[in-house]
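Beneath this line is the structure, given in structure tokens, with notes to follow.
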Amino acid sequence: MKKQCEVLIVGGGNAALCAAITAAEAGAKVTVLEGAPKSHRGGNSRHTRNFRCMHGGPLGTLTDIYETQEYYDDLVKVTAGKTDTELARMTIEQSEDCYTWMHEHGVRFQPSLSGTLSLSRTNAFFLGGGKALVNAFYRHAEGLGVEIYYDTQVTHLERNGGRIEQVVVTHEDQEFRLLPKAVIVASGGFQADLDWLADAWGPAARNFLIRGTPYNRGVVLRDLLDQDIQSVGDPTQCHAVAIDGRAPQFDGGIVTRLDCVPFSIVVNRQGDRFYDEGEDVWPKRYAIWGRLVAAQPDQVAYSIIDSKSLDLFMPSVFPPVKAGTVEELATRLELPPAALKDTVEAFNSACKDGPFHPTELDGLATDQLTPKKSNWARPINQPPYYGYALRPGVTFTYLGLKVDETARVQGQDGALENLWAAGEIMAGSILGQGYLAGFGMTIGTVFGRIAGREAAHHVN
Amino acid sequence: MSIDAIGEARRQVEICNACRYCEGYCAVFPAITSQRSFLDGDIQQLANLCHDCRGCYYACQYTAPHEFDLNLPKALGQVRRDSWHQYSFPSGFGAVFQKSGLAISLAVVIGFAFVFWIARQFAASADGQGFYAVMSHGLMVAIFLPAFLLPLFSLMVGLRRYWKAVEGAPVSASHLMSAMHAAARMKHLSGGHGEGCNFEDEDRFSNARRWWHQLVLYGFLLCFVATSSATLMHYLLSMPAPYAWYALPKLLGVPGGIALSVGTVGMLAVKMKSDSALSDQRFYGGEVGFIVLLFLVSTTGLGLYWFGDGDWLGAWLAVHLGSVLAFFLLMPYSKMAHGFYRMAALTRDAQRGAEHS
């Protein structure tokens, strides 16, 4: 590896590539260091499927309009106000231009996928998903002469006052010390470092599944936070949803989601219910179920349905466990059969007659049952019975680096001269809590482009 | 074995159905998402809709080394070839031609030898002109009519079996039109965005394969129409060959032959560039052999026209007719079957689209 480089980009996902392409187009010599091997390049971007995009009128695959104010209101709702108003508004306003920019750089869009109609107005779907986007960006970056190194882990950024002087890199079992003029960090959060997650959240986190890349271990994030860089975001929190308990430890991605909860009862290892499964439509509730399951013994829960409900939700990647009776299902799921039978019977006798509408809040609630099920409460009495194990699946962590509107990283005593950040590593500035579908990719694209532009300007 | 191939494809299809990121690439994915469970016939239908464009492979977050180990084009490719073999008639014969280029070459050599032998055994009628001086028209018809009709009949039996397996309904004109419309443009090889497939250079999109294939397809159709027009001229108008360059059989056949020759060379070139490890290598020889055979059929036909005068006529004719004979007889058992099954799958897909809307 060459010691001297102009713009050095740490990371190889969407934000890193947007930065690389923008800087290269502005005339800078760009080097990208991707920690993963080529087969797993792209960080969590490879698992994404869309980005949330403001638009004043129909735009490509996006229908109708989605104005800044509505977008911002949606963000405030999910974050309960934990956002930086100025950065958030800037990101939203610049998202519209991202659509065209992505298209110009090889990304192709498709109408919103079947089962996601609710997003057709707000989110632009990548044809083939995030890995296709990542492929297009890599190809484009290579065409611009960007040097790309895979399997290359940055271990240390050496700060000297307001500057990053050296970057220490491990590549093919060798250590290199690079001397870049400008550095952009876009290397994601720390959710794949289970030890760190357990330190932050508690030992229960060791039972969490990580939905995305195993390469987001927060090495660069921690290194910078140890050097008096200002942080944002709650260091103890991660975004976790309830996913199929049989998912792989890492990289299970989209297919491990389970949408059966609203039509089911969910019990813990003791066979007891613990929360209202029908509180709201699933897109508004799936995110809280990660926490709910995380709070149960052994961080596991079981969603139980009968044959009436099997076709009401998106198919699961693994077939459900199936049995002719509730007790038999309990045995197969390794739950106490008598307890599960009692729970189902108590639930069934609390169900009332009434119209059932799977796609809207139908008010079909249980009567005098704790916890209550507020909607879609139909007795579970039509064999065969089906069960899915649920576990918390971590999507991302909130802790990140504080940046300003030029993506410049902030030290305790002011902005650093030659260090910028983009993507998940700084998203906590804007997304302090909760999640808004497709917003991570928007932040990555907007800040990646800003960081690339600023870094190129700095070296030119 | 076909059961394992179907099982493996089903495993992968069920993962795709939980993901759906590739919905916009081609007809396979909307067909997947319209179902929750997949019978063997459903999987075979998906397999015959797939063009092996690899758009979904390169976009897939679950390819090896991921433990889900997805390679849908490969899995469907195995099922597809198994389905042609399973439904072929007479059953259980000819699987070797799908796999072995050597078997195809042997068939061609036997074709040459046979035509030579026939030509020597039966002296042509003295009044025959051009190639009819080497082999009489009546003899040619006696050999090639059954050699064309029997394989066609065999394919029709196979298609009927396929149609039953995919639970096809009676075919209407609109379904057929829809299928022909898709095939005429190779719509499903467009990548959904019109930029083509990911065949020759990893994830780069290109329409090269689509263009070459259509050159082959339209070249073949032109040759077919040329031959048919000659047959009609012979019987209805009493205008036997040879024909002048401005006669219909030549006006259609010469450009058709050129297109077929150039197209097959292009197909071979993109095939050589593609990553063969991504598809089932057992069929590589058979596919290359088939393309070479098509090239031989068209090139020797042109050769016969341009160079087949005087002493060389007999040789050109034997080489040309020998390869045509091999091509016809192998139709149900070579890659040629794919065109027929693809049309059936596209027709069924149009039906299913109508059933779902």
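Residue numbers (my numbering), protein chains in the order written: chain R, 875 to 1334; chain D, 3 to 359.
Glycine residues also receive a C-beta, built at the ideal position from the N, C-alpha and C atoms.
Using a cut-off of 8 Å between C-beta atoms, extract the partners of residue 897 of chain R located in chain D. Correct list: empty, because the minimum Cβ distance to chain D is about 23 Å.
Would a C-beta distance cut-off of 8 Å place residue 998 of chain R and residue 934 of chain R closer than the cut-off? Against a cut-off of 8 Å, the Cβ pair of residue 934 of chain R and residue 998 of chain R comes out as a contact.
For residue 311 of chain D, count the other beta carbons within 10 Å of its own beta carbon; 16 or more makes it buried, fewer makes it exposed. Which is it? With fewer than 16 other Cβ atoms within 10 Å, it is exposed.
How about residue 4 of chain D: is its C-beta nearer than 8 Å to some C-beta of chain R? Because residue 4 of chain D sits at a pLDDT of 48, beneath the cut-off of 50, its placement in the model cannot be relied upon, and the following sentence gives the value as read from the coordinates. With 8 Å as the cut-off, residue 4 of chain D does not count as an interface residue toward chain R.
Just checking: is the beta-carbon of residue 1173 of chain R within a distance shorter than 8 Å of some beta-carbon in chain D? No, because no Cβ of chain D sits closer than 8 Å to the Cβ of residue 1173 of chain R.
I need the straight-line Cα distance from residue 277 of chain D to residue 54 of chain D, nearest angstrom please. Cα to Cα, the separation comes out at about 12 Å.
Determine which residues share a DSSP beta bridge with residue 986 of chain R and list them. As computed with DSSP, residue 986 of chain R is found in no beta bridge at all.
Residue 208 of chain D - DSSP class collapsed to helix/strand/coil: Secondary structure at residue 208 of chain D: strand, using DSSP grouped into helix, strand and coil.
Evaluate residue 1334 of chain R with the Cβ neighbour count: other Cβ atoms within 10 Å of its Cβ, from every protein chain shown; 16 or more gives buried, anything less gives exposed. Counting other Cβ atoms within 10 Å of its Cβ, residue 1334 of chain R stays below 16 and is therefore classed as exposed.
Listed in chain order, which residues of the segment 1117-1135 of chain R have Cβ atoms closer than 7 Å to some Cβ of chain D? Contact residues of the segment 1117-1135 of chain R toward chain D are 1122, 1125, 1127, 1128 and 1129 (C-beta to C-beta distance below 7 Å).
Going by C-alpha distance, which of R:1193, R:1218, R:1191 and R:1192 is nearest residue 1204 of chain R? The residue among R:1193, R:1218, R:1191 and R:1192 with its C-alpha nearest the C-alpha of residue 1204 of chain R is R:1218.
Cβ atoms of residue 342 of chain D and residue 299 of chain D: under 8 Å apart, would you say? Pairing residue 299 of chain D with residue 342 of chain D gives a Cβ-Cβ distance that is not under 8 Å.
Alpha-carbon to alpha-carbon, residue 1282 of chain R and residue 1123 of chain R: Taken atom to atom, the span from the alpha-carbon of residue 1123 of chain R to that of residue 1282 of chain R is near 34 Å.
List, in chain order, every chain D residue whose beta-carbon is nearer than 9 Å to that of residue 1185 of chain R. For residue 1185 of chain R, the neighbours in chain D by C-beta distance under 9 Å run, in chain order, 38.
Starting from the C-beta of residue 1256 of chain R, find all residues in its chain whose C-beta is less than 7 Å away, skip the five residues before and the five after it, and write them out in chain order. Beyond the five residues adjoining it in sequence on each side, residue 1256 of chain R comes within less than 7 Å, by CB distance, of 1180, 1181 and 1182 in the same chain, given in chain order.
Is the CB of residue 22 of chain D under 8 Å away from at least one CB in chain R? Output row for residue 22 of chain D: interface = yes.
Cβ-Cβ distance between residue 204 of chain D and residue 60 of chain D below 8 Å: A Cβ-Cβ contact shorter than 8 Å links residue 204 of chain D with residue 60 of chain D.
Might you give, ordered along the chain, the residues of its own chain that have their beta carbon closer than 8 Å to the beta carbon of residue 1096 of chain R, omitting 5 neighbours on each side? So the qualifying residues of the chain are 1064 and 1070.
Those residues which DSSP pairs with residue 1267 of chain R across a bridge: Residue pairing by DSSP places residue 1267 of chain R opposite R:1083 and R:1115 in a beta bridge.
Below 8 Å on the Cβ atoms is my contact criterion, and I expect residue 221 of chain D with residue 27 of chain D to pass it. Report the Cβ-Cβ distance as a whole number of Å. Rounded, the Cβ-Cβ distance is 27 Å, inconsistent with contact.
List, from N- to C-terminal side, the alpha helix (DSSP H) runs of 4 residues or more that fit wholly inside the segment 100-179 of chain D. Here the runs fully enclosed are 103-123 and 139-167.
Any beta carbon of chain R sitting closer than 8 Å to that of residue 63 of chain D? Contacts with chain R at 8 Å (Cβ-Cβ) include residue 63 of chain D.
Alpha-carbon spacing of residue 150 of chain D relative to residue 1198 of chain R, whole angstroms: Going by the C-alpha atoms only, they are around 56 Å apart.
Does the pairing of the segment 1047-1061 of chain R with the segment 1102-1119 of chain R give three or more beta-carbon distances under 8 Å? Segments in contact, no.
Just the chain R side, please: which residues come within less than 9 Å of residue 148 of chain D by C-beta, in chain order? Close partners of residue 148 of chain D in chain R (Cβ separation under 9 Å) are lacking, with about 48 Å as the shortest Cβ gap.
Selected residue, minimal CA-CA separation from residue 965 of chain R, among R:1101, R:1186, R:1061 and R:1277: Here the closest residue by C-alpha is R:1277.
For residue 912 of chain R, would you say it is in contact with chain D, using Cβ-to-Cβ distances shorter than 8 Å as the test? Not flagged as an interface residue toward chain D: residue 912 of chain R, since no C-beta distance is shorter than 8 Å.
Taking all protein chains shown into account, do 16 or more other C-beta atoms lie within 10 angstroms of the C-beta of residue 154 of chain D, making it buried, or fewer, making it exposed? Taking a 10 Å sphere around the C-beta of residue 154 of chain D, we find fewer than 16 other C-beta atoms and assign the residue as exposed.
Could you run through the segment 68-100 of chain D and flag, in chain order, every residue whose CB is less than 9 Å away from some CB of chain R? Considering only beta carbons, the part of the segment 68-100 of chain D lying closer than 9 Å to chain R consists of 68, 69 and 70, in chain order.
N-terminal and C-terminal residue of the alpha helix (DSSP H) that residue 76 of chain D is part of: Secondary structure note for residue 76 of chain D: its alpha helix (DSSP H) is the uninterrupted segment 74-89.
By the 9 Å beta-carbon criterion, what residues does the segment 1177-1205 of chain R contribute toward chain D? The segment 1177-1205 of chain R vs chain D, Cβ under 9 Å: 1184, 1185, 1188, 1189, 1190, 1191, 1192 and 1193.
Can you pull out the residues from the segment 958-991 of chain R whose beta carbon lies closer than 9 Å to at least one beta carbon of chain D? For the segment 958-991 of chain R, the residues whose beta carbon sits under 9 Å from a beta carbon of chain D are, in order, 980, 982, 983, 984, 985, 987, 988, 989 and 990.
Please say whether residue 103 of chain D and residue 291 of chain D have beta carbons closer to each other than 8 Å? For residue 291 of chain D and residue 103 of chain D, yes; Cβs fall inside 8 Å.
Which complete beta strand (DSSP E) runs does the segment 1121-1148 of chain R hold, if anything under 3 residues is left out? Unbroken beta strand (DSSP E) runs of no fewer than 3 residues, entirely contained in the segment 1121-1148 of chain R, are found at 1139-1141, following chain order.
Quick check: residue 987 of chain R and residue 25 of chain D, are their CB atoms within less than 8 Å of each other? For residue 987 of chain R and residue 25 of chain D, yes; Cβs fall inside 8 Å.
If we ignore side chains and look at the alpha-carbon of each, how far apart do residue 1338 of chain R and residue 1320 of chain R end up? Outside the displayed range of chain R (875 to 1334) lies residue 1338 of chain R, so it cannot be described from this structure.
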